[in-house]
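One structure below.
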Amino acid sequence: MTAPGPAADATQTALPARAEVVVIGAGIVGAAAARSLAEQGRDVLLLERYPRGHEHGSSHGATRIFRQGYDADDYVALTSEALSAWRELESASGRTLLDLTGALDHGRPEMLAAIEAAMTRGGVASERLTPDQASDRWPGLRFDREVLHHATGGRLFSAEAIEALLDLAEVAGATLRFGVRVAGVDPTASNDPTAGVGGAVVRTELGDVVADHVVVAAGSWAPDLVGALARSVGRPLPEIVVTQVQPAHFPSGLHADAWPSFVHYPAEGSSVYGLLTPGEGVKVGLHGGAVHAHPDERDGLAEPEELARLTAYVAEWVPGVDASAPHTISCLYDLSPSEDFVIDRIDSIIVTTGFSGHGFKFGPVLGRLIADLVDGAEPHPRFALAAHAVPVAPSASALPQSPEGTAP
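Going by the working numbering, the first residue of the sequence shown is number -5, and it counts up by one from there.
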């Protein structure tokens, strides 16, 4: 249950010996959880091993896709809740976080039909366009089949979003500590007189912290921290495959209004996503990633074969950019077998992982789901550990948020 990493700065002040809730990780999931819990009036201590805004995980970078195009009713409902939650966060923080440029799905007809049906059931308006109509409207993309468009998709300003959540958590009373490596999380021994019933001990290089609840929001590091514990109590995590994902920004001379967010389901191969990152170019990536890596051992370098696949795709399907001039980026995916999230409780420890490249858009909703678990609620049925105990094929539309780090 250890997570190796850089030594803590010895000059840092000591950690408090106790906290009501310790949140581990300051990416989108941890930041959202800290804000939700602190605004409930709970005593929250957030611990992050790296500096604020770091690029080691799945949440860094300027933009993410926001889309409602799922083929599952519960995901569509969560995107609608997230849309309202992002607007509320904008109001609370005074920051612009969501730009509804519209979002497209195109490619395999059966995927578009399933997505359209789920959005219709969920009250999300969409429109169908022919390839010629879509090309006239979005000349930077090539289409060979009908296109599904919904106006309530677009892009999130992800770095701004995390800062907004962290700032509001701090305003609500949370303590944020960066550069603190968590070495392990253990259930509190029953004879520990300082612990609440069912508490846990968070072990760090600056000392131990006893907490009533611990939220493990460490993404790709979660199996290191709680995998053994989960197995020991007969509730194992699903196999989390960590991949180094390598999208790229491509320069474009088209006006910004020419670029919606998009997901393409080609006849063969992995799905592809993209969106404009203002000031950086059009970001395009292959979903999933082929380079497996432990999060502490990734090199961040573009793998030549993966880059060649990406640039070949862009040259064929994204004529509005210069495919010969990619600016590569790197992040982590924490992939579950079904590509559904893990958000559940093991005694007093809330475990979150497996966001599989499509979690970021739900950020404030994830905070709410975690706070509900701390309050004693049951997990969302799709995200419970029990749901992962049964092998399930991935939902074909459980796709990316445009990593740069993705994430979750």
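C-beta atoms are modelled at their ideal positions from N, C-alpha and C, and glycine is treated no differently. All figures in this text were calculated on a predicted structure; none of them were measured in a lab.
Item: For serine 255: DSSP bridge partner residues; Value: Ala97
Item: Residue range of the alpha helix (DSSP H) that includes alanine 381; Value: 379 to 382
Item: Coarse secondary structure for alanine 216, derived from DSSP in three states; Value: helix
Item: Strand pairing of histidine 419, partner residues [DSSP]; Value: Nothing in the structure corresponds to residue 419, since the chain is present only between -5 and 402.
Item: Local Cβ density within 10 Å of alanine 11, reported as buried at 16 or more and exposed below that; Value: exposed
Item: Residues bridged to valine 195 [DSSP beta-bridge criterion]; Value: Asp180 and Val204
Item: Assigned secondary structure, glutamate 262 (DSSP; H/G/I helix, E/B strand, else coil); Value: coil
Item: Spatial distance of phenylalanine 256 from glutamine 6 (CA atoms); Value: 44 Å
Item: Supposed close pair glycine 348, proline 232 - CB separation, criterion 8 Å; Value: 6 Å
Item: Residue(s) in a DSSP beta bridge with isoleucine 323; Value: Per DSSP, none; premise fails for isoleucine 323.
Item: Backbone CA spacing between threonine 322 and glutamate 300 [nearest angstrom]; Value: 11 Å
Item: Rounded C-alpha distance that separates leucine 94 from histidine 143; Value: 12 Å
Item: Top-ranked residue by Cα proximity to proline 298, from Gly148, Gly263 and Ala242; Value: Ala242
Item: Neighbourhood of histidine 50 by C-beta distance below 6 Å, restricted to the same chain and skipping five residues each side; Value: Tyr44
Item: Three-state class that DSSP yields for glutamate 42 in the structure shown; Value: strand
Item: Spatial distance of valine 211 from aspartate 334 (CA atoms); Value: Position check: residue 211 holds alanine in this sequence, whereas valine was assumed. If I take the Cα positions, the gap works out to 15 Å.
Item: Straight-line Cα distance separating glycine 173 from glycine 116; Value: 42 Å
Item: Cβ-Cβ distance between valine 209 and isoleucine 364 below 9 Å; Value: yes
Item: Residue(s) in a DSSP beta bridge with histidine 404; Value: This structure cannot settle anything about residue 404, because the visible part of the chain is limited to -5 through 402.
Item: Ranges of the beta strand (DSSP E) found wholly within the region 97 to 126, counting only runs of at least 3; Value: 97 to 101 and 121 to 123
Item: Burial state of glycine 21 (16 or more Cβ within 10 Å); Value: buried
Item: Supposed contact pair valine 236 and aspartate 328 - C-beta distance, whole angstroms, cut 8 Å; Value: 6 Å
Item: Beta carbon of leucine 159 nearer than 9 Å to that of arginine 29; Value: yes
Item: Local conformation of threonine 305 per DSSP, three classes; Value: helix
Item: Helix, strand or coil at valine 23 according to DSSP, with G and I counted as helix; Value: helix
Item: Identity of the residue in Gly178, Ile343, Ile18 and Leu269 nearest threonine 57 by Cα; Value: Leu269
Item: Alanine 153, DSSP secondary structure in three states; Value: helix
Item: Beta-carbon separation (whole angstroms), valine 359 vs alanine 79, contact threshold 8 Å; Value: 6 Å
Item: One or two residues paired with leucine 142 in a DSSP bridge; Value: Asp99 and Arg122
Item: Sequence-distant residues of its chain with Cβ nearer than 6 Å to leucine 39 (five each side left out); Value: Ala13, Val16 and Thr169
Item: Buried/exposed call for arginine 81, threshold 16 Cβ in 10 Å; Value: exposed
Item: Secondary structure of glycine 279, DSSP reduced to three states; Value: strand
Item: Boundaries of the alpha helix (DSSP H) in which leucine 363 is found, first to last residue; Value: 357 to 368
Item: Buried or exposed (CB count within 10 angstroms, at least 16 for buried), alanine 296; Value: buried
Item: Among Ala319, Leu9, Ala8 and Ala27, the one whose alpha carbon lies nearest that of aspartate 369; Value: Ala27
Item: C-alpha gap between threonine 182 and glycine 201, whole angstroms; Value: 15 Å
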